[in-house]
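J.: My questions will all concern the structure given below.
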Amino acid sequence: MRFNHLGLPVRDYRRSLEFYSAYFGFDPASAQEYPDGTVIVRDANGFDLALHPVGQVGEQPAFLHAGFRAAEPAEVRTLLARLQADGVPIVEQDDEDALMAFKCLDPDGHRVEVYWEPLVTGGA
């Protein structure tokens, strides 16, 4: 068993679909709309993002976020530069030997983290 989908409340699913397609690899051709208005879109790894339309998205705790692990620090830096150039709000950044990461806000204020850190084997 594996964690395979995330549902997000969104004000405009088209805008969210464009955001997650442009920056995070979700395939708009896979988008499927359901009777309740939810649109589910899939990435190349088979992860489903369910975008559910709502009138308003409330404020969320600062810790609540979705995360994407990058294969190397340069991948994090490249995406960060793209998002900054496009005016996407960046709310946190770390650039250390053992962690390269940032968090940005999607169109509805959901925090999205992109990070790289060395894989640790063993442990808890």
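Numbering of the sequence shown is given in our numbering, commencing with residue 129 and proceeding in unit increments. From the three backbone atoms N, C-alpha and C, an ideal C-beta is built for every residue, glycine too.
Going by C-alpha distance, which of Arg210, Val167, His133 and Leu227 is nearest Arg143?
T.: As a first step, residue 143 must be located in the sequence shown, where it is residue number 15. For the residues Arg210, Val167, His133 and Leu227, the minimum Cα distance to Arg143 belongs to Val167.
J.: Specify, as a first and last residue, the run of the beta strand (DSSP E) that Leu177 falls within.
T.: As a working note, residue 177 is residue 49 in the sequence shown. Per DSSP, Leu177 is one residue of the beta strand (DSSP E) stretching across Asp176 to Pro181.
J.: Phe154 and Val169 - do their beta-carbons sit closer together than 8 Å?
T.: Within the sequence shown, numbered from 1, the residue matching residue 169 stands at position 41. Within the sequence shown, numbered from 1, the residue matching residue 154 stands at position 26. Yes, they are a contact pair.
J.: Which residues bound the beta strand (DSSP E) around Phe154?
T.: Locating residue 154 in the sequence shown gives position 26, where the first residue counts as 1. Where Phe154 is concerned, the enclosing beta strand (DSSP E) stretches over Phe154 to Glu161.
J.: Could you tell me whether the segment 215-231 touches the segment 179-189, using the rule of 3 or more Cβ pairs below 8 Å?
T.: Cβ pair count under 8 Å is below three, so no.
J.: From Asp164 to Val248, what does the alpha carbon distance come to, in whole angstroms?
T.: Counting from 1 along the sequence shown, the entry for residue 164 is found at position 36. Counting from 1 along the sequence shown, the entry for residue 248 is found at position 120. Asp164 and Val248: Cα-Cα distance of roughly 42 Å.
J.: Who does Val169 pair with in a DSSP beta bridge?
T.: Mapped onto the sequence shown, residue 169 falls at position 41. DSSP, once it has assigned bridges, lists Leu177 as partnering Val169.
J.: Please look up how many angstroms separate the CB atoms of Val242 and Asp234, rounded, as I've assumed it's under 8 Å.
T.: In the sequence shown, residue 242 corresponds to position 114, counting from 1. In the sequence shown, residue 234 corresponds to position 106, counting from 1. That belief does not hold up - the Cβ atoms of Val242 and Asp234 are roughly 12 Å apart, past 8 Å.
J.: Compute the distance between the beta-carbons of Leu145 and His238, then report whether it is under 8 Å.
T.: Reading the sequence shown from its first residue, position 17 is the one you call residue 145. Reading the sequence shown from its first residue, position 110 is the one you call residue 238. Taking 8 Å as the Cβ cut-off, Leu145 and His238 do not qualify as a contacting pair.
J.: Could you check if Phe230 is buried or exposed, using at least 16 other CB atoms within 10 Å of its CB as the buried criterion?
T.: In the sequence shown, counting from the first residue as 1, residue 230 sits at position 102. Buried: at least 16 other Cβ atoms inside 10 Å.
J.: Would you tell me roughly how many angstroms separate the C-alpha atoms of Phe196 and Ala213, rounded to the nearest one?
T.: Residue numbering aside, residue 196 sits at position 68 when the sequence shown is read from its first letter. Residue numbering aside, residue 213 sits at position 85 when the sequence shown is read from its first letter. Roughly 20 Å between the two C-alpha positions.
J.: Kindly indicate which three-state DSSP category Leu134 falls into: helix, strand or coil?
T.: Residue 134 sits at position 6 when you count from the first residue of the sequence shown. Leu134: strand per DSSP, three-state reduction.
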